[in-house]
Amino acid sequence: MRVSLKRLFRKIEEINRRYRTPRIALSRGGRAALEFLRLYLLFLVCLMVYKFILLVN
Amino acid sequence: MNVFSKLYYKLRKMWKAIQLYLVIAGPGIVVMVADNDAGGITTYAATGAKYGYHLIWFLLLLIPVAYYVQEMTVRLGAVTKRGLAEAIFDGFGATWGWFALVDLMLVNWLTLVTEFIGMTAALHIFGVPPWLTVTAVVLLMAIIVLNGRYWTWEKIALLFCALNLIYIPAAFMIHPSVSDIVKHGLIPNFPGGFNGQLFFFLMANIGTTIAPWMLFFQQSAVVDKGMQEKDIPWGKFDTLLGSALTVGVAIFIVIVTGTTLNGTDIASAGQAAEHLMQTDRYVGAFMAIGLFDAGLLGAICISLASSWAFGEIFGWAHSLNQNIKQAPWFYASYFFALITSGLVVLIPGAPLVLITLFVQVIAVTLLPAALVFLILLLNDPRTMGDYRNSGWQNLIGGFIVAAIVALSSLYGISIMFPNLFQ
Numbered sequence: 001m002r003v004s005l006k007r008l009f010r011k012i013e014e015i016n017r018r019y020r021t022p023r024i025a026l027s028r029g030g031r032a033a034l035e036f037l038r039l040y041l042l043f044l045v046c047l048m049v050y051k052f053i054l055l056v057n
Numbered sequence: 058m059n060v061f062s063k064l065y066y067k068l069r070k071m072w073k074a075i076q077l078y079l080v081i082a083g084p085g086i087v088v089m090v091a092d093n094d095a096g097g098i099t100t101y102a103a104t105g106a107k108y109g110y111h112l113i114w115f116l117l118l119l120i121p122v123a124y125y126v127q128e129m130t131v132r133l134g135a136v137t138k139r140g141l142a143e144a145i146f147d148g149f150g151a152t153w154g155w156f157a158l159v160d161l162m163l164v165n166w167l168t169l170v171t172e173f174i175g176m177t178a179a180l181h182i183f184g185v186p187p188w189l190t191v192t193a194v195v196l197l198m199a200i201i202v203l204n205g206r207y208w209t210w211e212k213i214a215l216l217f218c219a220l221n222l223i224y225i226p227a228a229f230m231i232h233p234s235v236s237d238i239v240k241h242g243l244i245p246n247f248p249g250g251f252n253g254q255l256f257f258f259l260m261a262n263i264g265t266t267i268a269p270w271m272l273f274f275q276q277s278a279v280v281d282k283g284m285q286e287k288d289i290p291w292g293k294f295d296t297l298l299g300s301a302l303t304v305g306v307a308i309f310i311v312i313v314t315g316t317t318l319n320g321t322d323i324a325s326a327g328q329a330a331e332h333l334m335q336t337d338r339y340v341g342a343f344m345a346i347g348l349f350d351a352g353l354l355g356a357i358c359i360s361l362a363s364s365w366a367f368g369e370i371f372g373w374a375h376s377l378n379q380n381i382k383q384a385p386w387f388y389a390s391y392f393f394a395l396i397t398s399g400l401v402v403l404i405p406g407a408p409l410v411l412i413t414l415f416v417q418v419i420a421v422t423l424l425p426a427a428l429v430f431l432i433l434l435l436n437d438p439r440t441m442g443d444y445r446n447s448g449w450q451n452l453i454g455g456f457i458v459a460a461i462v463a464l465s466s467l468y469g470i471s472i473m474f475p476n477l478f479q
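Residue numbers (our numbering), protein chains in the order written: chain X, 1 to 57; chain V, 58 to 479.
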């Protein structure tokens, strides 16, 4: 189990290294817009999960 | 004689074109029809029962929406020969890549749960216990994917797609009023005015017509099938045909429940089938069979979308053309997703119907994230060359993203301020 987990983490590190430099260059504004969109969508999902819990209870 | 030879030449040319299409056909039709999965059938059945024919016009609008979104994956897959997950990692780096992958895994797993909910509900009508349905489905899907050939898998999937058309005869059997359908369904209107419930239904309908897994699935299928740049026009036609087919089937489901159960609050397609059994045994049975087929088709495709994406990123062998020894992790992740999601359905007292509807809504809320990456990738001139997005395609793509974000926001606002839209 420990060996498998180690191998998995090593693989993830390798993936992170391989894709460290994005091929498509985004402007600072573009990156900020994407970041904002990501956080906003996650916020909306949290709201929906809240509504789901309300309905279940 | 000249006329006959010309006619013969034209017919031969047409037949060759059909033959060529039949070779290329598959990813577009399979992904679109599989999109009418168990959650989709439940959403359409509930929409018809709740609003009658009033939202048919909205479903029609989803044909171009689904087409424009999905045809981008055909171009990207045929040109880059890589799946969307790998393309996002490569184009935007590991941070965004992991976000997209985790997002996909989560939504796919939740959607798989809804497929099992649909399948167990459908067979429960015929007296089959849920544990037996889950076991039989896992075994059946093992037989299908362990065939070891993409083509065989695709042909079996196409057979299930054909069964999805069962709702068309069901709609004719209940003799709906065509004039009512035209009068109420084809003129844009918002039944009951703007309120949280309407936003929820509109979002659930979008969420079931275009979903994140579809983007990843179709692109990977295009790559696994080995489609080339020259095949793109046929791939687009395949996608267009699939879009029309999926919305067509959705409309027939709305007609079935809109005619027979209008004004009833239907919680699930299984419940709709049970109600329909009391009015017309055959229509009810068709509804249940269609629901099971939809769940099975959805499960086959969604679990593959996850395994393909994982394989691309982790560098595992990830093709249906490889057997279990050659691609052990590909099949292991496939069965892991399948079995764990099947087990959720067996939890006593789980709110299965609510889960089904909410998964559609969460899927559509997260869709813009994947969609923005897709549009940005399609605008990379170095990779896409002549196949990059035109100004119009960007405008349409941008509009779709904006519309989905706006609708999700409205629903979010209706959750925070429930009295605002009453």
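Every residue, glycine too, gets a C-beta built ideally from N, C-alpha and C.
Straight across, the Cα-Cα distance linking V/Val306 with V/Val421 is about 20 angstroms.
Sorting V/Gly253, V/Trp188, V/Ile263, V/Ser277 by C-alpha distance to the C-alpha of V/Glu211 places V/Ser277 at the top. Between V/Leu403 and V/Ala268, the C-beta spacing is not below 8 angstroms. Around the beta carbon of V/Arg132, 16 or more other beta carbons sit within 10 angstroms, so the residue counts as buried.
Proximity of the region 358–371 of chain V to the region 144–159 of chain V meets the contact definition, three or more beta-carbon pairs being nearer than 8 angstroms. Restricting attention to alpha helix (DSSP H) runs no shorter than 4 residues, the region 447–473 of chain V encloses them at 448–473, ordered along the chain. Taking a Cβ-Cβ threshold of 8 angstroms, the residues of chain V close to X/Asn16 are Ala151, in chain order. When 8 angstroms is used as the limit between beta carbons, V/Phe156 is near these residues of chain X: Arg38, in chain order.
Distances from the CA of V/Met260 to each of V/Leu68, V/Gly97, V/Met89 were compared; the closest alpha carbon is that of V/Gly97. Of V/Leu354, V/Ile201, V/Asn380, V/Val416, the smallest CA-CA separation from V/Asn93 is found for V/Leu354.
Listed along chain X are Tyr19, Arg23, each with a C-beta nearer than 7 angstroms to that of V/Asp147. Cα atoms of V/Leu196 and V/Val87: separation of roughly 21 angstroms, rounded to the nearest angstrom.
Taking CB atoms only, X/Leu5 has no neighbour in chain V less than 8 angstroms away. Per DSSP, reduced to three states, the secondary structure at V/Met176 is helical. Under the Cβ distance rule, X/Phe52 counts among the residues neighbouring chain V, one pair being separated by less than 8 angstroms.
When C-alpha distances from V/Ala460 are compared across V/Leu119, V/Glu286, V/Leu167, the shortest belongs to V/Leu119. Contacts with chain X at 8 angstroms (Cβ-Cβ) do not include V/Ala394. Within the same chain, Cβ atoms closer than 6 angstroms to the Cβ of V/His241 are found at Tyr110, His111, the five residues on either side in sequence being excluded. Sequence-distant partners of V/Leu158 (beyond 5 residues in either direction) whose C-beta falls short of 7 angstroms from its own C-beta, in its chain, are Ala142, Ala366, Ile370. When 9 angstroms is used as the limit between beta carbons, V/Asp437 is near these residues of chain X: Arg23, Ile24, in chain order. If you draw a straight line from the Cα of V/Ser376 to the Cα of V/Val340, it is about 39 angstroms long. In the DSSP assignment, V/Ile370 falls within the unbroken alpha helix (DSSP H) covering 338–371.
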